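In order, the protein sequence lines correspond to chains U and P. Residues in the first sequence are numbered from -1 upward in steps of one, following my numbering. Residues in the second sequence are numbered from -1 upward in steps of one, following my numbering. Each residue gets a CB set at the ideal place from its N, CA and C atoms; glycine is no exception. Since the structure is predicted, the reported quantities are computational estimates derived from the model, not experimental observations.
There are 2 protein chains.
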Amino acid sequence: MTHAAARAHPNIALVKYWGKRDEAAMLPAAGSMSMTLDAFATTTSVHLDASAESDSFVLNGAEDTGGAFARTSRFLDLVRTLAGDDRRARVVSHNEAPTAAGLASSASGFAALALAASAAYGLDLDERALSRLARRGSGSATRSVIPGYAVWHAGDDDASSYAERIEAPDLRLVIVTVDAGPKAVSSREAMRLTAETSPFYPAWVSSTEESLAEMTAACRAGDVTRIGEITESHALRMHAVIASSLPPVRYLAPRSIAVFDAALALREAGVTAWATADAGPNVCLLTTPAEAETVAAAVSGHGAVRIVGPGPGAALLPEDPFAGRTRAGDALP
Amino acid sequence: MTHAAARAHPNIALVKYWGKRDEAAMLPAAGSMSMTLDAFATTTSVHLDASAESDSFVLNGAEDTGGAFARTSRFLDLVRTLAGDDRRARVVSHNEAPTAAGLASSASGFAALALAASAAYGLDLDERALSRLARRGSGSATRSVIPGYAVWHAGDDDASSYAERIEAPDLRLVIVTVDAGPKAVSSREAMRLTAETSPFYPAWVSSTEESLAEMTAACRAGDVTRIGEITESHALRMHAVIASSLPPVRYLAPRSIAVFDAALALREAGVTAWATADAGPNVCLLTTPAEAETVAAAVSGHGAVRIVGPGPGAALLPEDPFAGRTRAGDALP
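So, in structure tokens, the structure goes:
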């Protein structure tokens, strides 16, 4: 096979990943847990080209020669080393997530790329090995390989730092997009700043492992309230440790706080709604399938809302979705 | 003397006090630093009454027999023990702070009471001894005894936990009252919750001592920018450690965040403005006398604004301001 295509989805962490133990090996300081979504897929094809002198990358219909290309090519180097095959590749990738959703595409992007590239280069990786490979592209991609709910074990080396499936109740996330603007500080930069300057960082790392153990137990018990409590308190702790950096970094906007307040008001009214937010102003509300529409309606005044649920893991596609349309400017599927 | 009256003012901490080392002795977990304000005075008179069987307390024109009376009477017990005088007292107190300003009156209240009561019972306390006494009524009252800027040394016993003057540049605070509603969780309760449940609490305590040392150095150097940086980052760390409690406590409202954002925008425009907030939604912006009007105008859309500066310490009044008007319902000065 000299070409392969795959699809993967973003994930939302309910126990957050914030901080690296080893930046080169992409080992996280602590474990994390997430729901892989059933929306906003990234579709990626990889074509090997024995005659090409360098890789090339078309992202969302445009030839990329900047940072995204560089990260993609470095990731392919890793796959080539594993496969013992030094052919260059043409990568075509398309994100379904509208930029306005504020969802980082690196998780779905590197999960899809890991699968498409490993298949194109002839590697036959199981789910665990694939999640380890995706981890090298982007930490959160480790979890996007896995369907439904995933726990990413921090591990202490490349072999032991991988994600795996975990059973949990069927839940929904109401994504509230309160701000589509670019971040003032990138996650990568803020993560480093937190580790270097926050006095709370060591306690954040150790308490995250405790939260993960509690979350795993709550999922096993099917205890939605407990899952929600851990989700919201852990998200607030992540924003707390980030805000305690020097200089302080604040990702939550006034409208983000309003959505956290709305979650509290919903709970006081007997509705399941627990807030979480990644390193940005958008907020996701965790709820049950039966209550998702109620929650979405209650917060629709704060921004665009979208209900998502547990989705599939990274999967190969039987046909190349970009066949004959791999040049920049070609119409996308 | 069988009666005395005193006046004291609230203070705003630039290095926050959050957490007790010893609740009975009112020893704080770490030191703090504040500006005593030139506004919102509390005026308190204490009349000893050899014939009374119990203390009595008129607060803002109304006879109080609840929690405020109980705290006042317990505080008088302390003074009586020090003075070896068991006479009961009638206490009349008036706060100039409108409830809407969201300023706690316990600091000015116990600083004024400490001075009036100690004088009425014949104790002659110096500034340090008076701040120690006020501390027993309310932690932040320790600092309201002191004029201008005060450092409260945490100390390790009653004798070593007191406030003293510190030289600092002449600055202003723009108080932005974004919400006048009652707090969901009292400071006292949240402080205890933080100490008991936040994994960040030990690091908060140790880093606060570091922030205090840096603040003292910045004040000595007259470095307004550094004073501002420490003020804002320390306030965010206090809200961070509070939000990391279980269950999480969030005091900052959407409009509070908007004022923090406004401070950032002002700085980007070259204006001195650093935000701080106590355990509530109101925000104070630290600035220079020359820029105070500009800052106040910039944030007036977020709530009622009031410019305050460094004010006097607790002081005795030559006459009883409530003379002949010590009954509940009497007109106040």
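- In the structure shown, the three-state DSSP call for Ile225 of chain U is helix.
- For Glu94 of chain U, no CB of chain P lies under 8 Å from its own CB, so it is not counted at the interface with that chain.
- With contacts defined as CB atoms closer than 8 Å, Ala313 of chain P and Ala4 of chain P qualify as a contacting pair.
- Measuring C-alpha to C-alpha distances from Ala27 of chain P to each of P:Leu171, P:Ala152, P:Arg86 identifies P:Ala152 as the nearest.
- In its chain, beyond the 5 residues on either side, Ala66, Ser91 have a beta carbon closer than 6 Å to the beta carbon of Leu57 of chain U.
- By the beta-carbon neighbour count (other beta carbons within 10 angstroms, threshold 16), Glu61 of chain U is exposed.
- In this structure, the alpha-carbon of Gly226 of chain P lies about 23 Å from that of Arg248 of chain P.
- Contact check for Thr214 of chain U against Val143 of chain U fails: the beta carbons are separated by 8 Å or more.
- Contact of Ser30 of chain P with chain U is not assigned, every C-beta pair being separated by 8 Å or more.
- Contact between Leu131 of chain U and Leu123 of chain U holds, with the beta-carbon distance rounding to 6 Å and staying under 8 Å.
- For Phe108 of chain P and Pro145 of chain P, the gap between their C-alpha atoms comes out near 15 Å.
- Separation of Val222 of chain P and Tyr147 of chain P (C-alpha to C-alpha, rounded to the nearest whole angstrom) is 14 Å.
- Interface criterion not met: the Cβ of Phe55 of chain U is under 8 Å from no Cβ in chain P.
- A Cβ-Cβ contact shorter than 8 Å links His45 of chain P with Ala87 of chain P.
- Within the stretch 221 to 238 of chain U, contact with chain P at the beta-carbon level (separation under 8 Å) is assigned to Glu227, Glu230, Ser231, Leu234, Arg235, His237, Ala238.
- Residues of the same chain with a CB within less than 8 Å of the CB of Leu210 of chain P, apart from the 5 flanking positions on each side, are Val13, Ala28, Gly29, Ser30, Met31, Val149 in chain order.
- Sixteen is the threshold: since fewer than 16 other Cβ atoms of the shown chains lie within 10 Å of the Cβ of Glu187 of chain P, the residue is exposed.
- Shown here for Arg85 of chain U: same chain residues with a beta carbon closer than 6 Å to its own, the five before and five after excluded, namely Leu46, Ala48 in chain order.
- Membership of Val293 of chain P in the alpha helix (DSSP H) is indicated by the continuous run 290 to 297.
- Comparing alpha carbon positions, the residue from U:Ile228, U:Ser54, U:Asn280 closest to Glu208 of chain U is U:Ile228.
- Taking a C-beta distance under 8 Å as the contact criterion, Ala273 of chain P and Phe258 of chain P qualify as a contact pair.
- In this structure, DSSP gives Ile255 of chain U a helical state, which the three-state scheme calls helix.
- Residue environment analysis places Glu194 of chain U among the exposed positions, since fewer than 16 neighbouring C-beta atoms fall within 10 angstroms of its C-beta.
- When beta bridges are read from the DSSP output, Cys282 of chain P appears opposite P:Ile173, P:Thr274.
- Note on geometry: alpha-carbon atoms of Val239 of chain P and Trp202 of chain P lie some 7 Å from one another.
- In this structure, Ala251 of chain P keeps its C-beta atom at 8 Å or more from the C-beta atom of Pro287 of chain P.
- Contact with chain U is found for Ser242 of chain P, since one of that chain's Cβ atoms lies less than 8 Å from the residue's Cβ.
- Nearest to Gly120 of chain U by alpha-carbon distance, out of U:Ser43, U:Met24, U:Asp177, U:His1, is U:His1.
- It is roughly 19 Å from the alpha-carbon of Val269 of chain P to the alpha-carbon of Ala275 of chain P.
- When Cβ-Cβ separations below 8 Å define contact, Arg265 of chain P makes no contact with chain U.
- Per the C-alpha coordinates, the member of P:His7, P:Ser242, P:Thr34 positioned closest to Glu165 of chain P is P:Thr34.
- Taking CB atoms only, Ala37 of chain U has no neighbour in chain P less than 8 Å away.
- CA-CA distance, Leu25 of chain U to Ala161 of chain U, rounds to 12 Å.
- The continuous alpha helix (DSSP H) containing Arg69 of chain U extends over residues 65 to 81.
- In the structure shown, Leu128 of chain U adopts helical secondary structure according to DSSP, grouped into three states.
- Residue environment: Asp154 of chain U is assigned as exposed (fewer than 16 neighbouring CB atoms within 10 Å of its CB, all protein chains considered).
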